Amino acid sequence: MACLFVWPWHGAGTYRTVDGRGGAGRGQQRFAPLNSWPDNVSLDKARRLLWPGETEYGQKISWADLYMLAGNVALENAGFRTFGFGAGREDVWEPDLDVDWGDEKEWLAHRHPESLAKQAIGATEMGLIYVNPEGPNASGEPLSAAAAIRATFGNMAMDDEEIVALIAGGHTLGKTHGAAETSHVGAEPEAAPLEAQGLGWHSSYGSGAGADAITSGLEVVWTQTPTQWSNYFFENLFKYEWVQTRSPAGAIQFEAKDRAGDYPGSV
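In case it helps, our numbering puts the sequence shown at residues 4 to 270.
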């Protein structure tokens with residue numbers, strides 16, 4: 004369920020106000036470079052999961068509508084009340100070559116908030132949808148992270164209240180995966196060998212799935228009920244004192260100090 008919720012979220016997350024480009028309106032996440040961004044790790048599996056539906060209905064539903072609909076259904080199954088679903092998105096059939104995603108020479112190359120204000124490019128680091136969850140340049144600095152968050156979401160025309168709502172809501176469901184070092188993870192779809200057939204990020208660690216999965220490198224579950232909508236994200240955030248630690252993959256995250264037995268405890 005969680006990957007079907009993340010897919011449309013990350014599709015919409017490429018939008019920026021400066022030129023109105025990006026967003027989830029045309030199914031661009033099927034193509035490079037978006038299909039291989041580090042932030043979209045394992046969403047290739049979500050696309051493959053929905054492929055039979057697109058094959059069955061063909062031109063009756065676009066890819067852009069299909070993955071937004073899947074996200075809506077995932078939220079509804081989790082107990083979230085949506086406003087409904089609006090169809091009508093038209094697919095494109097090749098990547099937008101005229102969209103400026105910024106300097107594409109290096110994955111996760113950091114952009115300072117000041118440069119974001121000038122360029123109005125959405126993400127703070129190349130290949131991410133919004134910001135680095137470990138803080139700018141994986142620094143683990145909360146104040147610097149706050150500045151980066153305000154800059155990148157500001158370029159999507161969001162104010163502080165909307166930012167808080169999106170971050171809390173988006174981290175009420177699902178979890179991240181960092182069971183081991185990311186060196187176990189293979190190439191992204193665009194760099195994977197031909198026999199991968201459009202899939203990427205093959206993991207050599209254990210089963211590569213479930214408890215052995217590696218995506219962002221963070222090993223985090225935010226609530227006691229990661230498949231059900233709740234207010235636990237806020238309750239846990241304010242209930243516990245948080246200390247910085249590292250995931251099994253070495254990523255910076257925060258752990259709830261003296262947490263109760265029913266709470267997994269990392270953000």
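By construction, the Cβ of each residue, glycine as well, lies at the ideal position given by its N, Cα and C atoms.
These numbers were taken from a predicted model, which means no experiment stands behind them.
Here the alpha carbons of residue 147 and residue 33 stand approximately 32 Å from one another. Apart from sequence neighbours up to five positions away, the residues of its chain that approach residue 155 with a beta-carbon distance below 7 Å are 119, 125, 126, 127, 133, 134, ordered along the chain. When rounded, the separation of the alpha-carbon atoms in residue 49 and residue 7 is 6 Å.
Within the DSSP secondary-structure output, residue 30 pairs in no beta bridge. Using a C-beta cut-off of 8 Å, the segment 12 to 25 makes no contact with the segment 78 to 94, since fewer than three inter-stretch Cβ pairs fall below that distance. Per DSSP, reduced to three states, the secondary structure at residue 147 is helical.
For residue 51, the uninterrupted alpha helix (DSSP H) run begins and ends at 46 to 60, by DSSP.
Sorting 69, 106, 176, 94 by C-alpha distance to the C-alpha of residue 31 places 94 at the top. Our two residues, residue 43 and residue 153, have alpha carbons roughly 22 Å apart in a direct line.
For residue 259, no alpha helix (DSSP H) run applies; the uninterrupted beta strand (DSSP E) run containing it begins and ends at 255 to 260, by DSSP.
Taking the Cα positions, residue 68 is about 33 Å away from residue 149. In this structure residue 27 is buried. Its beta-carbon is surrounded by 16 or more other beta-carbon atoms within 10 angstroms. Taking a cut-off of 8 Å on C-beta distances, the segment 162 to 176 touches the segment 233 to 242, as three or more cross pairs fall below it. Put simply, of 104, 111, 196, 211 the residue whose alpha carbon is nearest the alpha carbon of residue 142 is 111.
Residue 244: member of the beta strand (DSSP E) spanning 244 to 249, first to last residue. DSSP places residue 210 in the coil class of the three-state scheme, outside both helix and strand. Taking a C-beta distance under 8 Å as the contact criterion, residue 202 and residue 51 qualify as a contact pair. 35 is the residue among 35, 185, 40 whose C-alpha sits nearest the C-alpha of residue 100. According to DSSP, residue pairing for residue 108 in a beta bridge does not occur.
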